[in-house]
Amino acid sequence: MTGETTLKEVIARLSKAIEGLENAVAAKLEHERDYSEAEAEVQRMNADRPRLAQEPDDS
């Protein structure tokens, strides 16, 4: 079968491609979760700013 791709080879290539896609999606979701957590922390800090500005300076 010179020059032809067998069904087994095609399935193996497809499986590798799907695995790569799954890994890319997992990495993207983890990156988005990390970004979301950082964004939430910034929002908490910004919400705290007015309260901290109102407190007397004890130092």
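Counting from 848, one number per residue, gives the positions in the sequence shown under our numbering. We treat Cβ as the ideally placed atom computed from N, Cα and C, and that holds for glycine. Since the model is a prediction, treat every value here as computed from it, not as a measurement.
If you drop the 5 nearest sequence neighbours on each side, which residues of the same chain put their C-beta closer than 6 Å to that of residue i?
i: Gln-890; result: none
i: Pro-903; result: none
i: Thr-849; result: Only weak support is given to the placement of Thr-849: the predicted model assigns it a pLDDT of 49, under 50, and the value that follows is read from those uncertain coordinates. Result list for Thr-849: empty, nothing under 6 Å.
Specify, as a first and last residue, the run of the alpha helix (DSSP H) that residue i falls within.
i: Glu-884; result: 854-901
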